[in-house]
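K.L.:
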Amino acid sequence: MNNAIRVLKKEIKTIYKDKLVIPSIIILLIFTAYGLLDTTSANEMSLTNLNRTSLTISLICANVAAIPAAVLFAIITCFTLSRDKRKRSEFMIQSTMDYNKLNLIRVMSVIFYAFITVVLITIVSFIVQSGFLNIKFEAFTNIFTYTFIIFFSMIFAILLCSGVYFIIQSMDVTFLTFGVCFFIGVGSSNYLFNWINYSYSIYSDFAGIQPIAKYIIYSRLFQLIGFLCIFIIGILFRNRYKLSLFKSFSINIKSIKVTAICIVVLVGAVLMYIKEPYTDKVDAAVRHMKNDEINKSIILKEVYPTSVINTKNETISCDVKYVFKKDYKEEYIDFKGNIGLNIKNILVNKKETSFLNIDKDDNVTIPVPKGEEVEITIKYDGKIKNPAPAGFAGYISDDSIYLLENSNWLLRPMTKEGEKIKIKGSIKAPKNLTVVTVGKLENVSEDNEDTVWNYEGELSELNVGIFASNYKIKKFKSGTVDVEFYYSPKHENYIKNVEIEKQINNILNYYENTFGEYAFKKYPFKIVETSQYKTGGHSTANVVTIAEYMFNREKSALKEVKGNHNMFIYYHDMEILSHEIAHQWWGGGVNISGDKSWITEGLANYSAYKYLDSEFGKEAWLSSVQNWQRKVNNPNKKYFEEKNLKDRIPKETQMKLGLYDKKTNAYMKVPLELIRIEDEGKCDVKKNLADLYRKYKMKPLTYDEFLKEMKIAKGELNID
603 MNNAIRVLKK
613 EIKTIYKDKL
623 VIPSIIILLI
633 FTAYGLLDTT
643 SANEMSLTNL
653 NRTSLTISLI
663 CANVAAIPAA
673 VLFAIITCFT
683 LSRDKRKRSE
693 FMIQSTMDYN
703 KLNLIRVMSV
713 IFYAFITVVL
723 ITIVSFIVQS
733 GFLNIKFEAF
743 TNIFTYTFII
753 FFSMIFAILL
763 CSGVYFIIQS
773 MDVTFLTFGV
783 CFFIGVGSSN
793 YLFNWINYSY
803 SIYSDFAGIQ
813 PIAKYIIYSR
823 LFQLIGFLCI
833 FIIGILFRNR
843 YKLSLFKSFS
853 INIKSIKVTA
863 ICIVVLVGAV
873 LMYIKEPYTD
883 KVDAAVRHMK
893 NDEINKSIIL
903 KEVYPTSVIN
913 TKNETISCDV
923 KYVFKKDYKE
933 EYIDFKGNIG
943 LNIKNILVNK
953 KETSFLNIDK
963 DDNVTIPVPK
973 GEEVEITIKY
983 DGKIKNPAPA
993 GFAGYISDDS
1003 IYLLENSNWL
1013 LRPMTKEGEK
1023 IKIKGSIKAP
1033 KNLTVVTVGK
1043 LENVSEDNED
1053 TVWNYEGELS
1063 ELNVGIFASN
1073 YKIKKFKSGT
1083 VDVEFYYSPK
1093 HENYIKNVEI
1103 EKQINNILNY
1113 YENTFGEYAF
1123 KKYPFKIVET
1133 SQYKTGGHST
1143 ANVVTIAEYM
1153 FNREKSALKE
1163 VKGNHNMFIY
1173 YHDMEILSHE
1183 IAHQWWGGGV
1193 NISGDKSWIT
1203 EGLANYSAYK
1213 YLDSEFGKEA
1223 WLSSVQNWQR
1233 KVNNPNKKYF
1243 EEKNLKDRIP
1253 KETQMKLGLY
1263 DKKTNAYMKV
1273 PLELIRIEDE
1283 GKCDVKKNLA
1293 DLYRKYKMKP
1303 LTYDEFLKEM
1313 KIAKGELNID
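Take any residue in the sequence shown, note its place counting from 1, add 602, and you have its number in our numbering.
1. So is the beta-carbon of residue 684 under 7 Å away from any non-hydrogen atom of the ligand ADP?
2. From this set, 723, 793, 1228 and 1272, which residue's C-alpha is nearest residue 989's C-alpha?
3. Three-state secondary structure (DSSP) at residue 614?
4. Helix, strand or coil: how does DSSP classify residue 1302 here?
5. Put residue 1140 into one of helix, strand or coil per three-state DSSP.
6. On a CA-only basis, which of 968, 932 and 1017 is nearest residue 897? Give me that one, please.
7. At the level of alpha carbons, what is the spacing between residue 799 and residue 1135?
8. Count the other C-beta atoms from every protein chain shown that fall within 10 angstroms of the C-beta of residue 1182, then say buried if there are 16 or more, exposed otherwise.
9. Which parts of the stretch 931-1016 are runs of the alpha helix (DSSP H), unbroken and 4 residues or longer, counting only runs that do not cross its ends?
10. Out of 1172, 811 and 1203, which has the shortest C-alpha to C-alpha gap to residue 1218?
11. Per DSSP, which one or two residues make a beta bridge with residue 1132?
12. Quick one: complete alpha helix (DSSP H) runs, 4+ long, within the stretch 652-696?
13. Does the beta-carbon of residue 805 have 16 or more other beta-carbons within 10 angstroms, so that it is buried, or is it exposed?
14. The alpha helix (DSSP H) spanning residue 1100 covers which residue range?
15. Spatial neighbours of residue 730 within its chain, please: C-beta separation below 7 Å, excluding the five flanking residues on both sides.
16. Using alpha carbons as the reference points, say which of 811, 671, 736 and 755 lies closest to residue 743.
17. Is the number of C-beta pairs between the stretch 1094-1108 and the stretch 1056-1065 that are closer than 8 Å three or more?
18. May I ask which residues mark the beginning and end of the beta strand (DSSP E) holding residue 1059?
19. Answer yes or no: do residue 1304 and residue 1195 have a C-beta to C-beta separation smaller than 8 Å?
20. Which stretch, first to last residue, makes up the beta strand (DSSP E) that contains residue 1069?
21. Look at the alpha carbon of residue 686 and the alpha carbon of residue 680, and state the distance between them as a whole number of angstroms.
22. Quick check: what's the CA-CA separation for residue 1310 versus residue 986?
23. Using only alpha-carbon positions, find the residue among 1107, 1295, 1269 and 1141 that is nearest to residue 1192.
24. For residue 1132 versus residue 1109, is the C-beta distance shorter than 8 Å?
25. Between residue 969 and residue 933, is the Cβ-Cβ spacing less than 8 Å?
26. What three-state label does DSSP hand residue 1039 in the structure shown?
27. How would you write the range of the beta strand (DSSP E) that residue 1285 sits in, first residue to last?
28. Grouping DSSP H, G and I as helix and E and B as strand, with all else coil, what is residue 888?
29. For residue 1317, count neighbouring C-beta atoms within 10 Å of its own C-beta (all shown protein chains included) and say buried if the count is 16 or more, exposed if not.
30. Strictly by DSSP, which residues pair up with residue 1315?
31. Nearest by alpha-carbon distance to residue 1290: which of 1313, 1005 and 816 is it?
32. Any idea which residues DSSP pairs residue 902 with across the strands?
33. Alpha carbon to alpha carbon, how far is residue 1117 from residue 1187?
34. Can you confirm whether the stretch 753-765 touches the stretch 833-840 when touching is taken to mean that 3 or more C-beta pairs between the two stretches lie within less than 8 Å?
35. Roughly how many whole angstroms lie between the Cα atoms of residue 1153 and residue 1282?
36. Whole angstroms are fine: how far does the CA of residue 604 sit from the CA of residue 706?
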């Protein structure tokens, strides 16, 4: 033991004398300071000029510094392990001591410097945050982020390069292998393989780190076990001096301890991957493309959901009654759920029944008796699962609840929906949270440590979300609309400085004057700040959600001159805000049914474009329109337009490309086509949209009816 410690100290000194580790540490400290001080370096609009807090900047900084940290410590590891070969002393060392033990000590010495680097990064972060930025330093947040992101990325690089070098004994091949794994770690769509940094949002001033922390911890544990497996396999296959790989392995495998550990670690990694508990491994959007057939012989009329949310366990329990009208002979009703929810009980016309779930996914089939009306009550509970820890459709945490309708927290009947669906329900949540519901709030009552929020409404679609946090509420009147604005008290100064309330008022007035009165006049229009974990915005019935970064910038753009970078960011934020509010007219007020329902996204973009032009002028919308044109004319579209190329692509990839093509059509091609038709004088788009809105408000219409009301000939609108 004493000898091992003595050798470890010697190796630490030797690495120091190699003059590689100190410059590497200095480079990483420079990256750290740069990441802490310059939020404009982010390659994402949601990060650019984000307001600095200890949480947001430490997470951004860690994500930036993790990349050079992994690369530099991969280099240090290779140079350390290849020292004997480079100095031609390998045979002498192998013949005088346990070479496995020496290699382990060398790996430990490199890990020692990785630890020192993280400690220095934390110290630099403390100095910059407290001394230069005047931000309260949150010790736990910084230690957590720098440990789980930067330190672990260095550990994984060290283990990977060590394992490969033990087998190959070649720096070139080791670097090449590291390079391949590096690009997988940076670009993988599976969060379990993002071993360097994270390609999804891991920061939220609004909701804290809780919603994402479990993904970070689980992925790091899985990756640690995986790279330990590579490291131990490297020990088992370590190339002995002047022996073949097979002969070396036959000698190394005699170490029962190493072999047993390797088997245990390998089995552990496989089980962790198979049993991953937090995500739905099948992309819900792709799954639903396969199974989203609507039974038009059954009509949903009423829904009565009773929901209880437990933020400690991150669970939701629901007891939901559905009322349907149907053709007499219909014997089954399908529901879409969330794969994380478990059905406890089903009543059909108040009698307990079973259900079918043949595919073991989120599809539930319930047998029903013959007759023209049926009442189904479903009890279920569980944790919401998302396809990936990005663009959350739903999460539950101590400080925030975010459940979009497409999380299917409320099981969705795959039936036709009535022109008006009556909904009456309640939500029980902890007292520290203000719950925002669809429709209107009827009353609020207390139940021990919880609050019960009772609500009701009439919806054109069963789009029901639940949003909750420690909100401050601002109520005001805009034209004929009663507005309720829910936002974080942390961001009040920025909201006032950029006059968000004024912009909401201006947008609503513009749309009412241009298209017609607000559709949900019986209910208040609710605009709600939500977390960064779902970027952009969303519209659910009479509720619009907007991600926190648009209410939490570092600077007020209104104090800048036109053409300034901050004004460009401000226009971007106002475009999203006006787009989501436009959905109260297109998608909420008027909904196009059938396979062209996505056109409402294009109508919302067109409406936002017209508002920006009216309010700010060409400068506000020019870059967005140019971006639409670039994406519509993307040459890569040939992969899903040419059949001979499309047939070579896997079916699931084809479906994802189809989703991308549909999204491009919806968000970009539709508004471009409407602008073209308008510019060519073929159609008065605004006037015709206003006429269409008045005629079909709170009613569905088909695509053919849409073209007829817009006075557009078939084929003129090139969006197929």
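Using N, Cα and C, we set each Cβ at its ideal position, and we do this for glycine too.
P.N.:
Quick answer:
1. Absent from the structure shown: the ligand ADP. Ligands present: none.
2. As a working note, residue 989 is residue 387 in the sequence shown. For the residues 723, 793, 1228 and 1272, the minimum Cα distance to residue 989 belongs to 793.
3. If you number the sequence shown from 1, residue 614 lands on position 12. Taken through DSSP and simplified to helix, strand or coil, residue 614 comes out as helix.
4. As a first step, residue 1302 must be located in the sequence shown, where it is residue number 700. In the structure shown, residue 1302 sits in a strand (DSSP, three-state: E or B).
5. Looking up residue 1140 in the sequence shown gives position 538. DSSP, read as helix, strand or coil, puts residue 1140 in strand.
6. Position 295 of the sequence shown, counting from 1, holds the residue named residue 897. Residue 897 has its Cα closest to that of 1017, out of 968, 932 and 1017.
7. The residue you call residue 799 lines up with position 197 of the sequence shown. The residue you call residue 1135 lines up with position 533 of the sequence shown. So the alpha carbons of these two residues sit roughly 16 Å apart.
8. Numbered from 1 along the sequence shown, position 580 holds the residue referred to as residue 1182. Residue 1182 comes out buried.
9. Fully enclosed alpha helix (DSSP H) runs of 4 or longer: not present.
10. Position 616 of the sequence shown, counted from the first residue, corresponds to residue 1218. By alpha-carbon distance to residue 1218, the top candidate from 1172, 811 and 1203 is 1172.
11. Looking up residue 1132 in the sequence shown gives position 530. Partner(s): 1149.
12. Secondary structure within the stretch 652-696: the alpha helix (DSSP H) runs of 4 or more consecutive residues, fully enclosed, are 656-683 and 685-688 (chain order).
13. Position 203 of the sequence shown, counting from 1, holds the residue named residue 805. It is buried - the Cβ of residue 805 has at least 16 other Cβ atoms within 10 Å.
14. Along the sequence shown, read from residue 1 onward, the residue named residue 1100 stands at position 498. Here residue 1100 belongs to no alpha helix (DSSP H), and DSSP marks it neither H nor E.
15. The sequence position of residue 730 within the sequence shown is 128, counting from 1. Closer than 7 Å at the Cβ level, and outside the excluded window around residue 730, lie 635, 638 and 639.
16. Counting from 1 along the sequence shown, the entry for residue 743 is found at position 141. It is 811 whose Cα lies nearest to the Cα of residue 743.
17. Too few Cβ pairs lie closer than 8 Å, so no.
18. Along the sequence shown, one-based indexing puts residue 1059 at 457. From DSSP, the beta strand (DSSP E) with residue 1059 extends over 1052-1061.
19. The count along the sequence shown starts at 1 and reaches residue 1304 at position 702. The count along the sequence shown starts at 1 and reaches residue 1195 at position 593. In this structure, the beta-carbon distance from residue 1304 to residue 1195 falls below 8 Å.
20. For the purposes of this step, residue 1069 is identified with residue 467 of the sequence shown, where counting begins at 1. The continuous beta strand (DSSP E) containing residue 1069 extends over residues 1068-1071.
21. The sequence position of residue 686 within the sequence shown is 84, counting from 1. The sequence position of residue 680 within the sequence shown is 78, counting from 1. Cα to Cα, residue 686 sits roughly 11 Å from residue 680.
22. Within the sequence shown, residue 1310 is the residue found at index 708, counting from 1. Within the sequence shown, residue 986 is the residue found at index 384, counting from 1. So the alpha carbons of these two residues sit roughly 42 Å apart.
23. Taking the sequence shown and counting its residues from 1, the one referred to as residue 1192 is at position 590. Residue 1295 is the option with its Cα nearest to residue 1192.
24. Looking up residue 1132 in the sequence shown gives position 530. Looking up residue 1109 in the sequence shown gives position 507. No Cβ-Cβ contact shorter than 8 Å links residue 1132 with residue 1109.
25. Locating residue 969 in the sequence shown gives position 367, where the first residue counts as 1. Locating residue 933 in the sequence shown gives position 331, where the first residue counts as 1. Yes, these two residues count as a Cβ contact at 8 Å.
26. Counting from one through the sequence shown, the residue named residue 1039 turns up at place 437. Correct three-state label for residue 1039: coil.
27. On the sequence shown, position 683 is the one that residue 1285 refers to. Boundaries cannot be given for residue 1285, as no beta strand (DSSP E) includes it and DSSP labels it neither H nor E.
28. As a position in the sequence shown, residue 888 is number 286, starting the count at 1. Note on residue 888: pLDDT 49, under 50, position unreliable in the model; the coordinate value appears next. Reduced to three states, the DSSP call for residue 888 is helix.
29. Residue numbering aside, residue 1317 sits at position 715 when the sequence shown is read from its first letter. Looking at its Cβ environment, which holds fewer than 16 other Cβ atoms inside 10 Å, residue 1317 is exposed.
30. Within the sequence shown, residue 1315 is the residue found at index 713, counting from 1. Note: residue 1315 sits in no beta bridge, so no partner.
31. As a working mapping, residue 1290 is identified with position 688 in the sequence shown. Measuring C-alpha to C-alpha distances from residue 1290 to each of 1313, 1005 and 816 identifies 1313 as the nearest.
32. Taking the sequence shown and counting its residues from 1, the one referred to as residue 902 is at position 300. Residue 902 is bridged to 926 and 1019.
33. Within the sequence shown, numbered from 1, the residue matching residue 1117 stands at position 515. Within the sequence shown, numbered from 1, the residue matching residue 1187 stands at position 585. Going by the C-alpha atoms only, they are around 8 Å apart.
34. Three or more pairs of CB atoms, one per stretch, sit closer than 8 Å, so the stretch 833-840 contacts the stretch 753-765.
35. Within the sequence shown, the letter at position 551 stands for residue 1153. Within the sequence shown, the letter at position 680 stands for residue 1282. C-alpha separation (whole angstroms): 38 Å.
36. Against the sequence shown, residue 706 aligns to sequence position 104. Against the sequence shown, residue 604 aligns to sequence position 2. Within the model, the alpha-carbon separation for residue 706 versus residue 604 is close to 15 Å.
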